[in-house]
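Student: Residue numbers are given in my numbering: position 156 of the sequence shown equals residue 228, and the series is strictly consecutive.
Quick one: structure below, then a few questions.
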Amino acid sequence: MTRAPHPPDLRTSFQARPPPRLLPSARTSGHRSPRGALRITQTATHREHAIALPDTPLASVPPPGCRVFITGGAQGIGRAMADAFAARGARIAILDAAAMPDAPAAWIIHQGSVADPVAVEGVVAEMEQKWGGIDVAIANAGLSANRPTLGITPDAWRQVLDVNLTGVFLTAQAAARRMVPARAGVILATTSIYADRGGAERAAYAATKGGVANLVRALACEWGASNVRVNGISPGYADTALTRALIADGRIDPVAIIGRTPMRRLGRTQEAAAVACFLASPAAAFINGAILPVDGGWGANTGP
């Protein structure tokens, strides 16, 4: 009688193999810098990447004097971001459809549409002229557009698309034209809790915010090798003038919103602003292509 072959020993079949060595034939070399950072040179692609291993903690605030461009910065979360960066010593430039008569004199203020490439380019060009460049771009401008889908006209649809999605693209593109050659920069976009889910009477809003989230990921993949990081901030319902207007119009139910939010309150604009400052800081140097929720757990709650 012939015996069946003995089954393989799983203990030896899946033993971890040692990691491959970086041989000279791979055209990759490394050495230690005086401060202990490992510097890797990839001569095959003529690129040099420094992996910094600092001995001290990384700062969790943006460097003083950094040059920050914010769209939709006249009010709400955008204004909170401008104030937060300014409080940390940043120089601020804003593009908004609304006027900003109370803005500090040192800020660059342009009134215009983020859907207008000339308006977007004009702000960044003035930043270059006055400050020598741009370090952070925050595409924050957006429209809520909560309305029944059957009542959305083609013009209304295009308006939401132009502001919420095309405006983000134009802002990122104008900033990256400077950041990519400089091999330094941070681009942030305000997405939404509706970027990855639907909602009644939110067709245009959810479609555009979902587009923003995937645009963030695509740009992060494209520009990461140039040391330009692209991330998104996904705020939940915050206590803003827009939220109060939607409540007053009966378009959203504050009791239901707070009831679904595990922290049982609306967000504060300063909370999203603090996340923006962190993402622009050295402590976030390896965060790229992420969408960070600032929603009190709203998105995590899948229960009734």
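Don't be surprised by glycine CBs; every beta carbon is placed ideally from N, CA and C.
#1: State yes or no: is the C-beta of Asn218 within less than 7 Å of the C-beta of Arg323?
#2: For the structure I just gave you, are there three or more beta carbon pairs, one from the stretch 153-171 and one from the stretch 135-144, closer than 8 Å?
#3: Whole angstroms are fine: how far does the CA of Gly361 sit from the CA of Arg289?
#4: For Gly148, count the other beta carbons within 10 Å of its own beta carbon; 16 or more makes it buried, fewer makes it exposed. Which is it?
#5: How big is the Cα-Cα spacing for Ala158 and Gly194?
#6: What is the rounded straight-line gap between the Cα of Ala292 and the Cα of Ala355?
#7: From Ser216, Ala209 and Ser185, pick the residue whose C-alpha is nearest to that of Gly257; which is it?
#8: My output table needs one value for Leu364: the three-state DSSP class, helix, strand or coil.
#9: Is the CB of Arg316 under 7 Å away from at least one CB in chain B?
#10: Identify which residue in Asn373, Ile363 and Ala152 has its Cα closest to the Cα of Ile259.
#11: Which residues in the same chain have their Cβ closer than 6 Å to the Cβ of Ile180, if we skip the five residues on either side of it in sequence?
#12: Taking all protein chains shown into account, do 16 or more other C-beta atoms lie within 10 angstroms of the C-beta of Asn212, making it buried, or fewer, making it exposed?
#13: If you pair each beta-carbon of the stretch 333-351 with each one of the stretch 184-191, do three or more pairs fall below 8 Å?
#14: Taking Cβ to Cβ, would you say Thr263 is nearer than 7 Å to Val192?
#15: Where does the unbroken beta strand (DSSP E) through Gly304 begin, and where does it stop?
#16: Indicate the three-state DSSP secondary structure (helix, strand or coil) for Ala385 in the structure shown.
#17: Which value, in whole angstroms, describes the spacing of the CA atoms of Lys202 and Ala178?
#18: On the DSSP letters alone, give me the boundaries of the alpha helix (DSSP H) that Val140 sits inside.
Tutor: From the atom records:
#1: A contact, by the Cβ cut-off of 7 Å.
#2: Because the criterion of three Cβ pairs below 8 Å is met, the stretch 153-171 and the stretch 135-144 touch.
#3: Rounded to whole angstroms, Arg289 to Gly361 spans 5 Å at the Cα level.
#4: Result: buried.
#5: Their backbone Cα atoms lie some 21 Å apart in a straight line.
#6: Going by the C-alpha atoms only, they are around 17 Å apart.
#7: Among Ser216, Ala209 and Ser185, the Cα nearest to that of Gly257 is on Ala209.
#8: Three-state result, Leu364: strand.
#9: In the structure shown, chain B cannot be found, because there is only a single protein chain.
#10: Measuring from the Cα of Ile259, the nearest candidate turns out to be Ile363.
#11: These residues qualify, in order along the chain: Ala165 and Glu198.
#12: Classification of Asn212: buried, given that the 10 Å Cβ count is 16 or more.
#13: Contact check between the stretch 333-351 and the stretch 184-191: fewer than three CB pairs, one atom from each, fall below 8 Å, which does not count as touching.
#14: Their beta carbons are not under 7 Å apart, which means Thr263 does not touch Val192 by this criterion.
#15: Segment Val300 to Pro307, the beta strand (DSSP E) holding Gly304.
#16: With the chain represented from 73 up to 376, any question about residue 385 goes unanswered, as that position is not in the structure.
#17: So the two alpha carbons sit approximately 11 Å from each other.
#18: That residue, Val140, is in no alpha helix (DSSP H); its beta strand (DSSP E) goes Arg139 to Thr143.
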